[in-house]
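Down below is the structure, laid out as structure tokens.
Numbering (UniProt numbering), first residue to last: 1 to 314.
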């Protein structure tokens, strides 16, 4: 038994959209809207038939599209229909799991909507953390990687004597075809270059949000992250969803980031989906998740592109 056999976006579309309500909320964080108003966002890179393999060209031409439904929901529905997500768990065992159902009831969530949220988070996190496509740094990331460390090394600046650095820095610029590299090792010159970049980034906040500045070139490789980091990412997707639920937030103890029931439910889901088979996740009111949240706080998986789901909503 399942809440719905297949999602086809036809006569039962209203019910299907309702069942995917929680997914629609969470995708706003992980798959943000494409910014059409930004003049730098002229669209995705144009791809010609000669640029890709015949198989990839055929796949691109046959991408499904449903008016008013995001690509994320279309992809999730297709994978749900194919049974591609529930290899290690199923709806029946989910509904029969009294502990999980009691936590869902206590948090005033809809069990069927939450089932589809589980499917999405499991599928999205796996294809981002464990099966994601490696990518080069975006232009924005490279700017920050260049600028921030330099400014951190600035001890002081004297208008007459120039910049004093806490440690020597040397910039080396290689230009193809030039016989010699360009070397910049003057502390004041280095400080000025980094400061100018920083001021430009802070003055124009569209730089950080621009799709051009955040575009990542795909590499022909995939590097899974550590299992523990993956568990943290999986857990944070649920906790971020809980943060979007006013009734859940209102019930938290004053000063608490999350309630015990929220964390206990996430622990049970880690065990239920079998992303970890350790017994510690089956216990309630334990500190296992708490230690993970502390250890991996601020985890950055930015050099990865999801291998199934898009990066932005069109």
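Ideal placement from N, C-alpha and C gives every residue a C-beta, glycine not left out.
Handout entry: DSSP bridge partner residues for residue 163 (one or two, in chain order)
Key = 157
Handout entry: Outcome for residue 280 when other beta-carbon atoms lying within 10 angstroms are tallied against a minimum of 16
Key = Exposed, because fewer than 16 other Cβ atoms sit within 10 Å of the Cβ of residue 280.
Practice task
Could you name the residues of the same chain whose beta carbon sits closer than 6 Å to that of residue 244, not counting the 5 residues immediately before and after it, in chain order?
Solution key: Same-chain partners within the cutoff: 25.
Handout entry: Closest Cα partner of residue 17 within the set 88, 135, 70
Key = 70
Exercise for the section: For the beta strand (DSSP E) holding residue 183, just list the boundary residues, first then last. Expected result: 182-184
Handout entry: residue 296, DSSP secondary structure in three states
Key = Looking at residue 296 - three-state DSSP - the assignment turns out to be coil, as it is neither helix nor strand.
Practice task
Confirm, please, whether the CB-CB distance from residue 252 to residue 135 is below 8 Å.
Solution key: In this structure, residue 135 lies away from residue 252, with their beta-carbon atoms at least 8 Å apart.
Practice task
Give every residue of the same chain whose Cβ lies closer than 7 Å to the Cβ of residue 181, excluding the five residues on either side of it in the sequence, and list them in chain order.
Solution key: So the qualifying residues of the chain are 172, 173, 174.
Practice task
Could you spell out where the alpha helix (DSSP H) holding residue 245 opens and where it closes?
Solution key: Segment: none, residue 245 is in no alpha helix (DSSP H) and carries neither H nor E.
Exercise for the section: Assuming residue 164 and residue 155 form a contact by the criterion Cβ under 8 Å, report the distance between their Cβ atoms to the nearest whole angstrom. Expected result: 5 Å
Practice task
Could you check the C-alpha separation between residue 9 and residue 123 for me, to the nearest Å?
Solution key: 21 Å
Handout entry: Bridge partner(s) assigned by DSSP for residue 218
Key = For residue 218, DSSP records a beta bridge to 135.
Practice task
Measuring alpha carbon to alpha carbon, tell me which of 226, 89, 131 ends up nearest residue 315.
Solution key: With the chain covering only 1 through 314, there is no way to say anything about residue 315.
Practice task
Could you check which residue in 72, 6, 12 has the C-alpha nearest to that of residue 29?
Solution key: If we check each option's Cα against that of residue 29, 72 comes out closest.
Practice task
Using three-state DSSP, classify residue 206 as helix, strand or coil.
Solution key: Here residue 206 sits in helix by DSSP.
Practice task
Evaluate the contact criterion for the segment 225-245 versus the segment 258-270: three or more CB pairs, one atom per stretch, below 8 Å.
Solution key: yes
Problem - Pair within 8 Å by beta-carbon distance, residue 125 and residue 230 - result: In contact: residue 125 and residue 230 (Cβ atoms closer than 8 Å).
Exercise for the section: Determine the direct distance from the alpha carbon of residue 274 to that of residue 257, and round the result to whole angstroms. Expected result: 26 Å
Problem - Collapsed DSSP secondary structure at residue 87 in the structure displayed - result: In this structure, residue 87 counts as coil in the three-state DSSP scheme.
Exercise for the section: Using three-state DSSP, classify residue 107 as helix, strand or coil. Expected result: coil
Problem - Per DSSP, cross-strand counterpart(s) of residue 171 - result: For residue 171, which the question treats as bridged, DSSP gives the partners 184.
Practice task
Using three-state DSSP, classify residue 260 as helix, strand or coil.
Solution key: Here residue 260 sits in helix by DSSP.
Practice task
Give the DSSP-derived three-state secondary structure of residue 273 in the structure shown.
Solution key: Reduced to three states, the DSSP call for residue 273 is coil.
Practice task
Have a look at the DSSP bridge pairing and note the partners of residue 304.
Solution key: BP columns for residue 304 point to 134.
Exercise for the section: Compute the Euclidean distance between the alpha carbons of residue 178 and residue 222, then round it to the nearest angstrom. Expected result: 34 Å
Problem - Range of the contiguous alpha helix (DSSP H) that encloses residue 24 - result: 21-30
Handout entry: Distance between beta carbons of residue 138 and residue 215, contact taken as under 8 Å
Key = 6 Å
Exercise for the section: Count the other C-beta atoms from every protein chain shown that fall within 10 angstroms of the C-beta of residue 271, then say buried if there are 16 or more, exposed otherwise. Expected result: buried
Exercise for the section: Report the option in 212, 193, 184, 15 whose CA atom is closest to the CA atom of residue 311. Expected result: The option with the nearest alpha carbon to residue 311 is 212.
Handout entry: Spatial distance of residue 321 from residue 142 (CA atoms)
Key = Shown here, the chain extends from 1 to 314; a query on residue 321 therefore has no answer.
Handout entry: Rounded straight-line distance, which links the Cα of residue 84 to that of residue 298
Key = Going from the Cα of residue 298 to the Cα of residue 84 covers about 30 Å.
Practice task
Measure the C-alpha to C-alpha separation of residue 112 and residue 121 and round it to an integer number of angstroms.
Solution key: Taking C-alpha positions only, residue 112 is separated from residue 121 by approximately 15 Å.
Problem - Same chain, Cβ closer than 6 Å to residue 119, five either side skipped, listed in chain order - result: 85
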